[in-house]
Amino acid sequence: QVQLVESGGGLVQPGGSLRLSCVARGMIFGISHMAWHRQGPGNQRELIAWITAGGSETYADSVKGRFTISRDNAKNTVYLQMNTLKPEDTAVYYCNKYRGTLPWGQGTQVTVSS
Numbered sequence: 001q002v003q004l005v006e007s008g009g010g011l012v013q014p015g016g017s018l019r020l021s022c023v024a025r026g027m028i029f030g031i032s033h034m035a036w037h038r039q040g041p042g043n044q045r046e047l048i049a050w051i052t053a054g055g056s057e058t059y060a061d062s063v064k065g066r067f068t069i070s071r072d073n074a075k076n077t078v079y080l081q082m083n084t085l086k087p088e089d090t091a092v093y094y095c096n097k098y099r100g101t102l103p104w105g106q107g108t109q110v111t112v113s114s
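Position 86 of the sequence shown, counted from 1, bears residue number 86 in this note's numbering, the numbering being contiguous throughout.
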């Protein structure tokens, strides 16, 4: 049974940084393209970054240049380094596949506020 466990969220001031982690259990992680999604207050869940099994990265325009996705296949973990955070980045962040086909985890709350 696949389980995704996100962590690393918190309260941060505008301009600050956070690093999110997501451990994937019960799946063949190394051949899976993985992604980060987020859902802000009153918004639909959106795809913001993804990384292929080979390590190629793609970003939504809203986070390009500020966020970096990476993966450690030995640890079945995907990361999201978030820099220069803005209030509009406030959301619950989830990892999943590109199309969100795995069972969703609980997510990790990121709040950007002064």
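Glycine included, each C-beta is placed from N, C-alpha and C at the ideal position. Predicted model only: the values in this text are computed from it and were never measured.
In the three-state reduction of the DSSP assignment, Gly10 falls in the strand class. In the displayed model, Lys97 falls within a strand according to three-state DSSP. Taken atom to atom, the span from the alpha-carbon of Pro14 to that of Tyr79 is near 20 Å. Under the three-pair Cβ rule at 8 Å, the segment 55-63 does not count as touching the segment 101-108. Excluding sequence positions up to five before and after Asn83, its CB lies within less than 6 Å of the CB of Ser17, Arg66, all in the same chain and listed in chain order. Ranking Ala74, Gln1, Gly9 by CA distance to the CA of Val92 puts Gly9 first.
Apart from sequence neighbours up to five positions away, the residues of its chain that approach Lys75 with a beta-carbon distance below 8 Å are Val23, ordered along the chain.
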